[in-house]
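Structure, as structure tokens:
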Amino acid sequence: MQRQIEAYAREYGLDCFPLSFEVLSYEQMNEIAAFGGFPGRYPHWRFGMEYEQLSKSYEYGLSKIYEMVINNNPAIAYLLEGNSMVEQKLVMAHVYAHVDFFKNNFTFKKTDQGMDPEQGLPIRKWVDTLANHGAVIRRWVNRVGVDEVETFIDHCLSLENLIDSRHHATRSLKKDSSDSEQEQVEELPRLRVDHDYMEDYINPKEFLDRQKKIRDDDKARAKKFPEHAERDVLGFLLEHAPLERWEREVLSIIRREALYFAPQAQTKIMNEGWATYWHSKIMTERAATGSEIIDYADRCASVLASSPGQLNPYKLGVELYKHIEERWNKGQFGREWEQCDTMHERQNWDKQLGLGRKKIFEVRAYYNDVTFIDEFLTPEFVAAQKMYSFGYNKRNNRWEIESRVFKEVKDKLLFALTNAGQPFINVEDANYANRGELILAHEHRGVDLKVDYAHAVLESLNRVWKRPVEVHTIIEEKASALRYDGSEHTQRHL
Amino acid sequence: MALKIDQDHSRFRKIVRGRIRENLRKYISQGELIGRQGGDVVSIPINQIDIPRFRYGEKQQGGVGQGEGEPGSPLSGEEQEGDGGKKAGNQGGEHLLEIDVTLDELAEILGEELELPRIEDRGSQQIVKSKDRYVGIRRTGPSSLRHFKRSFRKALQRQISTGTYNSKNPVVIPIRDDMRYRSWKTKSEPIAQAVIIYMMDVSGSMGDEQKEIVRMESFWLDTWIRHQYKGLETRYIIHDAVAREVDRDTFFHTRESGGTMISSAYKLAAEIIESDYPSSSWNIYPFHFSDGDNWSVDDTLVCIELLKNKLLPVSNVFCYGQVESPYGSGQFIKDLSEHLDGDDRLITSEIRDRDAIVGSIKEFLGKGR
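In the order they appear, the protein sequences are chains F and A. The first sequence maps to residues 375 to 868 in this note's numbering. The second sequence maps to residues 39 to 407 in this note's numbering.
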């Protein structure tokens, strides 16, 4: 069956890593899912919590994990034992599309661990890497103690999202490179001289020396550490925080794993949409037999169901790919299309270009959720999909639909997707007031931080940095600093 | 197959236990856990333990959804309490976790939190017995516990893997490293049996709130006492001017309007004990709850006599809980203290309101008898 589905996938042009399937009982499935797909991961209680939840949810019949697929080369997919034939086929088709996405989407290239010279394929042995991380942390648990290590991991996890996902997961951290030495010697400010022979009179040596001193003083004063705001807070801490060896190793592992998982969060809609698109294609056009099609439709409908206030990434993704395909098939793009404002003409616009299939393959390679939505979400699509933005109405104390206006819906959606829905936080100053205090700055984009959580994060930051820490942000429209000095939280206006 | 998750799972359970302990007083005074009991487990809802990160305040952010509705219409009809709506992106809302805890675990937690002593032996009667069980195999031990089969199997394994096994001359000689021994664990097992005889005044002055308090308190008393004994039986007596034995359900849901003769209940309790629970082999816990109003001084004196001669001599401890009610005079507790002052087999406790339940449990069980 696997070979058959794989053949269909290739026939449609999907380009996958080699893929191996394992069939698991639901206990094993829940266990591996609790570990985020990686058996042998480092020990931590949250995996136990995850397991408890998954098992409960399964026992109550609320949810069931049909499959899991790991971005690894070769890719690994887990299937649930006891699924019906139709379900297994569907899941396999779905999985092949995910693996095609892993291999071809640019965000996942950041998880490459080098190139295999023989096969010309990227090396992504993350299953081994994460197992190694597990071994390293287990070793420290034995030496330092389980409570100590686990508590430290808790702190690290609170900082886990403070990474710069533009970086490669395997990027080695830059050592303190002395950028300043490479700085070009700037010209000293001189007064304008119209004639060369006047130079010494107008800019005498004493004057130049004085200018030089002023410049050096300015520079010394302006010299901050780091010189530029640093998005990669975890990387910065790894390089500069006074950590013990085991702490450094643990933090580094958390950072690497966060970077590894980041592309999945950045392409949730695209990736699920892509897999859904292809499993429907493969099932309806190839794999499903006549007697299976009803079962298939039933399964498929439950995947695409949407509930109020929650966007189903499977549905949004697959509809948007279909929308793009249709537009490119009919030639509904480009300047001529943009400029056409006759309703009737637009509706019947069909140049029969048939470029749709090619276009969606291109989209799956070069876009992430943000650029996907930014570029391809159209007013027609938003209307057809009945999309709306919603918000919390303080007066009625309830969540309400706010708008169906294209721009507002799009902006809200982009906001929710940008930086995977996480606030932007940078290291602003690591030697604040010359006392080695750490200042983070939140790029406020209209939404405040959750303050109680911010307090907890500051405590974790303080645990790592071991000096007072602050985050500068805006709270209820006032520039504010939240500070934690190791014993108490304070807040002041800036 | 032993799951790898087990270790993380038990770490998580430990954290949860801490949470339950923190919230225990709330659970007790709000009666939250009663009714969540199914067989030997109680399912306890706790907030999912979240790892705090820098994130947006939810209510300012909102999100995008799909479906019918006009601007201004609520997202999803009823489920709008506080954080009803979820938003797009990958941060889920706040989830409740249902954690199953066995009554035994719950009793342990109760014991830890209220610092309850374990119930002491009563005379020659052992409440808990230790028992050794052979549960596994280990590499060291006394030679009397050597496990021959396992040792030889190990030796055979070694010989095959080192190539020294000769199938023509199948002699297997274990060396020191091959030896395997049975290992044992000492387990404490409760052996004695106990009976709780609940008595409650159901006359008009005991309102629903008072009965609810008794119900909540008895849940915890049951849980703790059951934890200490192998078997626990419970019997229920309600009384106004007359007493009768009923089932648990009737016990908590009966309301009568007659007068109050506490002695009737004590008499019945004494009879039940006499016929079914010889004190030589049973640990006996009579609990009586009322609002403290007895019909007459004479009847109170009868009660005292019954306690002195019949009940106290056979009970581990006799507990009287007086639930404050707007109609009761609260006299009975004073009478008991006056007449039986200094008898440490009698424990009295005043329960003003739900918040006082915790303290009352502690008074009743804090002596470890």
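Each residue gets a CB set at the ideal place from its N, CA and C atoms; glycine is no exception.
(1) How many Å lie between D748(F) and K781(F) at the Cα?
(2) Between the segment 209 to 222 of chain A and the segment 172 to 188 of chain A, do three or more beta carbon pairs fall short of 8 Å?
(3) What does DSSP give as the partner residues of E136(A) in its beta bridges?
(4) With G330(A) and F370(A) assumed to form a contact (beta carbons below 8 Å), what rounded beta-carbon distance in angstroms separates them?
(5) What three-state label does DSSP hand N359(A) in the structure shown?
(6) Suppose contacts are defined by Cβ-Cβ distances below 7 Å. Is Q98(A) in contact with V821(F) by that definition?
(7) I'd like to check one pair, T140(A) with D78(A): are the Cβ atoms closer than 7 Å?
(8) With 7 Å set as the bound, which would you pick, yes or no: does the beta-carbon of K824(F) sit closer than that to a beta-carbon of chain A?
(9) Could you tell me whether the Cβ of P112(A) comes closer than 7 Å to any Cβ of chain F?
(10) Considering W869(F), what are the terminal residues of the alpha helix (DSSP H) in which it resides?
(11) Are three or more beta carbon pairs between the segment 316 to 323 of chain A and the segment 231 to 244 of chain A nearer than 8 Å?
(12) Would you kindly report the start and end of the unbroken beta strand (DSSP E) that includes I235(A)?
(13) With DSSP as the reference, identify every bridge partner of S221(A), one or two as the case may be.
(14) Is it the case that the segment 339 to 347 of chain A contacts the segment 253 to 273 of chain A, given that we only count it when at least three CB pairs across the two stretches are under 8 Å?
(15) Please go through the same chain and pick out, in chain order, the residues whose beta-carbon is closer than 6 Å to the beta-carbon of W333(A), but skip the five residues on each side of it.
(16) Restricting to Cα atoms, I'd like to know which of S199(A), V352(A) and G242(A) is closest to Y365(A).
(17) Helix, strand or coil: which one does DSSP assign to D78(A)?
(18) Report the residues of the segment 405 to 419 of chain F with a CB closer than 8 Å to any CB of chain A, ordered along the chain.
(19) If I measure Cβ to Cβ from W514(F) and keep anything under 6 Å in the same chain, skipping five residues before and after, which residues do I get?
(20) Taking CB distances under 7 Å as the criterion, tell me whether V783(F) reaches chain A.
(21) Check for me: the alpha helix (DSSP H) holding I406(F) runs from which residue to which?
(22) Tell me whether V744(F) is buried or exposed, calling it buried when 16 or more other Cβ atoms sit within 10 Å of its Cβ.
(23) Let me know the secondary structure DSSP gives S763(F) once reduced to three states.
(24) Measuring CB to CB, does M442(F) end up less than 7 Å from Y432(F)?
(25) Straight-line CA distance for N793(F) to Q640(F)?
(26) Any beta carbon of chain F sitting closer than 7 Å to that of I82(A)?
(27) Y432(F) CB to nearest chain A CB: under 7 Å?
(28) So, are the CB atoms of A471(F) and W702(F) less than 7 Å apart?
(29) Which residue spans inside the segment 707 to 759 of chain F form an unbroken alpha helix (DSSP H) run of at least 4?
(30) In chain F, what lies closer than 9 Å to L135(A) by C-beta?
(31) Would you check if the distance between the CB atom of G100(A) and the CB atom of G795(F) is smaller than 7 Å?
(32) Taking all protein chains shown into account, do 16 or more other C-beta atoms lie within 10 angstroms of the C-beta of Y740(F), making it buried, or fewer, making it exposed?
(33) Would I358(A) and H326(A) qualify as a contact pair, given that the criterion is a beta-carbon distance under 7 Å?
(34) When you compare the CB of Q376(F) with every CB in chain A, is at least one pair closer than 7 Å?
(35) Provide the residue span of the beta strand (DSSP E) that contains M442(F), from first to last.
(36) Do I379(F) and M466(F) have their beta-carbon atoms positioned less than 7 Å apart in this structure?
Inspection of the coordinates gives the following:
(1) In the first sequence, the residue the question calls residue 748(F) occupies position 374. In the first sequence, the residue the question calls residue 781(F) occupies position 407. Cα-Cα distance, rounded: 11 Å.
(2) Short answer: they touch.
(3) As a first step, residue 136(A) is located in the second sequence; it is residue number 98 there, counting from the start. Partner(s): P83(A).
(4) One-based indexing of the second sequence puts residue 330(A) at position 292. One-based indexing of the second sequence puts residue 370(A) at position 332. G330(A) to F370(A), Cβ: 4 Å. Contact.
(5) Translated into the one-based positions of the second sequence, residue 359(A) becomes position 321. In the sequence as displayed, the identity of residue 359(A) is Gly instead of Asn. In the three-state DSSP reduction, G359(A) falls in the strand class (E or B).
(6) Residue numbering aside, residue 98(A) sits at position 60 when the second sequence is read from its first letter. Residue numbering aside, residue 821(F) sits at position 447 when the first sequence is read from its first letter. Result yes, Cβ atoms of Q98(A) and V821(F) sit closer than 7 Å.
(7) The residue given as residue 78(A) occupies position 40 in the second sequence. The residue given as residue 140(A) occupies position 102 in the second sequence. Yes, the Cβ-Cβ distance between D78(A) and T140(A) is below 7 Å.
(8) By one-based count along the first sequence, residue 824(F) stands at place 450. Using a CB distance cut-off of 7 Å, K824(F) counts as an interface residue toward chain A.
(9) Counting from 1 along the second sequence, the entry for residue 112(A) is found at position 74. At least one chain F Cβ lies under 7 Å of P112(A).
(10) This structure does not reach residue 869(F), given that chain F is present from 375 up to 868, and the question cannot be answered.
(11) Counting C-beta pairs with one atom in each stretch, the segment 316 to 323 of chain A and the segment 231 to 244 of chain A have three or more that are closer than 8 Å, which means they touch.
(12) In the second sequence, residue 235(A) corresponds to position 197, counting from 1. Unbroken beta strand (DSSP E) run through I235(A): Q231 to D239.
(13) Here residue 221(A) is taken as the residue at index 183 of the second sequence, counted from 1. Beta-bridge pairing links S221(A) to G174(A).
(14) Flag = no, the segment 253 to 273 of chain A and the segment 339 to 347 of chain A do not touch.
(15) Mapped onto the second sequence, residue 333(A) falls at position 295. Sequence-distant partners of W333(A) (beyond 5 residues in either direction) whose C-beta falls short of 6 Å from its own C-beta, in its chain, are G297, T298 and M299.
(16) In the second sequence, the residue the question calls residue 365(A) occupies position 327. Considering only alpha carbons, the answer is G242(A).
(17) For the purposes of this step, residue 78(A) is taken as the residue at position 40 of the second sequence. Note: D78(A) maps to coil in three-state DSSP.
(18) Close to chain A, meaning a Cβ-Cβ distance shorter than 8 Å, are the following residues of the segment 405 to 419 of chain F: E405, A408, F409, P413, G414, P417, H418 and W419.
(19) Numbered from 1 along the first sequence, position 140 holds the residue referred to as residue 514(F). So the list reads V523 and W620, once near-sequence residues are dropped.
(20) Position 409 of the first sequence holds residue 783(F). Answer yes: the Cβ-Cβ gap between V783(F) and chain A drops below 7 Å somewhere.
(21) Sequence index remark: in the first sequence, residue 406(F) carries index 32 (1-based). Start and end: Y400 to A408.
(22) Locating residue 744(F) in the first sequence gives position 370, where the first residue counts as 1. So V744(F) ends up on the buried side.
(23) Sequence index remark: in the first sequence, residue 763(F) carries index 389 (1-based). Note: S763(F) maps to strand in three-state DSSP.
(24) Locating residue 442(F) in the first sequence gives position 68, where the first residue counts as 1. Locating residue 432(F) in the first sequence gives position 58, where the first residue counts as 1. Not a contact, by the Cβ cut-off of 7 Å.
(25) The residue labelled residue 793(F) in the question sits at position 419 within the first sequence. The residue labelled residue 640(F) in the question sits at position 266 within the first sequence. If you draw a straight line from the Cα of N793(F) to the Cα of Q640(F), it is about 8 Å long.
(26) Taking the first residue of the second sequence as position 1, residue 82(A) is located at position 44. No - not a single Cβ of chain F is within 7 Å of the one on I82(A).
(27) Residue mapping note: residue 432(F) aligns to position 58 of the first sequence, counting from 1. Any Cβ of chain A closer than 7 Å to the Cβ of Y432(F) would place that residue at the interface, and such an atom is absent.
(28) Looking up residue 471(F) in the first sequence gives position 97. Looking up residue 702(F) in the first sequence gives position 328. With contacts defined by Cβ atoms closer than 7 Å, A471(F) and W702(F) do not form a contacting pair.
(29) Runs found: 708 to 713, 717 to 721, 730 to 740, 743 to 750 and 753 to 758.
(30) By 1-based counting over the second sequence, the position of residue 135(A) is 97. Close partners of L135(A) in chain F (Cβ separation under 9 Å): M423, E426, Q427 and K430.
(31) Numbered from 1 along the second sequence, position 62 holds the residue referred to as residue 100(A). Numbered from 1 along the first sequence, position 421 holds the residue referred to as residue 795(F). G795(F) sits away from G100(A), with the two beta carbons spaced by 7 Å or more.
(32) As a working note, residue 740(F) is residue 366 in the first sequence. Sixteen is the threshold: since fewer than 16 other Cβ atoms of the shown chains lie within 10 Å of the Cβ of Y740(F), the residue is exposed.
(33) On the second sequence, residue 358(A) is found 320 positions in, with the first residue counted as 1. On the second sequence, residue 326(A) is found 288 positions in, with the first residue counted as 1. The amino acid occupying residue 358(A) in the given sequence is Tyr; Ile does not appear at that position. Against a cut-off of 7 Å, the Cβ pair of H326(A) and Y358(A) comes out as a contact.
(34) Position 2 of the first sequence, counted from the first residue, corresponds to residue 376(F). Not one beta carbon of chain A lies nearer than 7 Å to the beta carbon of Q376(F).
(35) Counted from its first residue, the first sequence places residue 442(F) at position 68. Membership of M442(F) in the beta strand (DSSP E) is indicated by the continuous run E441 to I444.
(36) Here residue 466(F) refers to the residue found at position 92 when the first sequence is read from its first residue. Here residue 379(F) refers to the residue found at position 5 when the first sequence is read from its first residue. A contact, by the Cβ cut-off of 7 Å.
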